[in-house]
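In the numbering used here, each number is its position in the sequence shown, counted from 1, plus 748.
Virtual Cβ for every residue (Gly too), placed ideally from N, Cα, C.
Here the structure is laid out as structure tokens; the discussion comes afterwards.
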Amino acid sequence: MDRSLIAAALMVMGCGGAPPPPPAPAPEPVVERAPPPPRVHTIVLSAALPRATRTNSGLAPDGTLYCRQTYFATPPSDERACVADGYGITAPVMHAIDPTGAALRYVDGPLSIVRIDDCGNGERPVRRPPASLVRRLAPELAAAPRSETIDLRAVQFASCPLADLALRVPDGVELTARGAVLRMHASEPADIELAVAGETRHAWSLDAAGDLELEVLCNERFVVVAAGIVADDEASRATTREQTLACTPTVRAWRSFERIRIDRERGVVTPVEIVAPTFSTALR
């Protein structure tokens, strides 16, 4: 037999037999599926506050924010909680902050001054206080113009009535209204969005330990929003017209607080600052 045929036969015999088993398929990776996001509800502000509620803050057509705020100043107390001799002042003020941030103060009524002594137990009204005393106790208000000089006929002192402003809130957020202020409580962390004409313009993150209080003023061109977060077991910071959020001059009572102005046409968001006047309550 031809040697080449024998070699070919041997090669065929060496390649014979059953084929090797296919490799075992790789195990499919375990994919952890994230829980579905909570449903988000759109709440129109004019529906949450169906009746325009009068406030002590107002928004002018040109975007100027007007705020009425009454300030109280008394002498400091010592370590025995004894009030030092001096003066107490009650000052009604009108703030005006225009879209450029320029701020003016107006005297919104008579300044009330009392003489305090006897560890705060003695109070005597100072009737017709001389101008020199007013300049010393309230130097920034002594020369301030009266609020009667402002034309407020076009200023809207009421909560936002427009139907194109809405809050986007997820499931589990409770919303209650008190006057012009909306309070939101979440049982778990949640993001609250403010939409203007369908576009999100601002948002706040809320955890289960705090409630968001919100007040909104608006007109056809501008929106002013004041928002503060308080502990969920605290009473509202906005229980009276004197305490509505838009005119809050300080953030010390809040876990966080901000006041913003939104230009509806330009989409620009800017902070609005309100600075309280300074007072001197010492005898000299």
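Would you say residue i and residue j are within 9 Å of each other, going by their C-beta atoms?
i	j	result
residue 793	residue 930	yes
residue 888	residue 836	no
residue 951	residue 942	yes
residue 787	residue 919	yes
residue 881	residue 864	no
residue 973	residue 962	yes
residue 915	residue 944	no
residue 947	residue 868	no
residue 789	residue 917	yes
residue 959	residue 932	yes
residue 800	residue 877	no
Nearest-angstrom Cα distance between residue i and residue j?
i	j	result
residue 967	residue 1004	26 Å
residue 902	residue 814	12 Å
residue 1043	residue 924	The requested residue 1043 is not part of the displayed model; the chain covers only 749 to 1032.
residue 1029	residue 883	12 Å
residue 953	residue 791	17 Å
residue 1012	residue 994	18 Å
residue 987	residue 850	Any reading at residue 987 must be qualified, since the residue scores a pLDDT of 43, below 50, and its modelled position is unreliable; no value is offered.
residue 802	residue 780	52 Å
residue 906	residue 1021	20 Å
residue 856	residue 816	8 Å
residue 990	residue 839	Interpretation of residue 990 is limited by its pLDDT of 41, a score under 50 that renders its predicted location unreliable; no figure is taken from the coordinates.
residue 892	residue 1007	24 Å
residue 895	residue 784	54 Å
residue 832	residue 825	6 Å
residue 818	residue 841	6 Å
Helix, strand or coil for residue i per DSSP?
i	result
residue 1023	coil
residue 790	strand
residue 990	Per-residue confidence for residue 990 stands at a pLDDT of 41, beneath the threshold of 50, marking its modelled position as unreliable; the derived number appears in the next sentence. Of the three classes helix, strand and coil, the one that applies to residue 990 here is helix, per DSSP.
residue 966	strand
residue 907	coil
Within 10 angstroms of its Cβ, does residue i collect 16 or more other Cβ (buried), or is it exposed?
i	result
residue 804	buried
residue 823	buried
residue 843	buried
residue 758	Summary for residue 758: the model assigns pLDDT 45, below 50, so the residue's position carries little reliability; its value from the coordinates is reported in the next sentence. Per the 10 Å Cβ criterion, exposed.
residue 1026	exposed
residue 922	exposed
residue 1031	exposed
residue 776	exposed
residue 829	exposed
residue 976	buried
residue 695	This structure leaves residue 695 out entirely; the chain is present only between 749 and 1032.
residue 1009	buried
residue 834	buried
residue 897	exposed
residue 886	buried
Compute every distance between the C-beta of residue i and the non-hydrogen atoms of the ligand ZN, then say whether any falls below 8 Å.
i	result
residue 903	Ligands in the displayed structure: none, and consequently the ligand ZN is not present.
Report yes or no: do the region 808–821 and the region 957–971 share at least 3 C-beta pairs separated by less than 8 Å?
The region 808–821 is in contact with the region 957–971.
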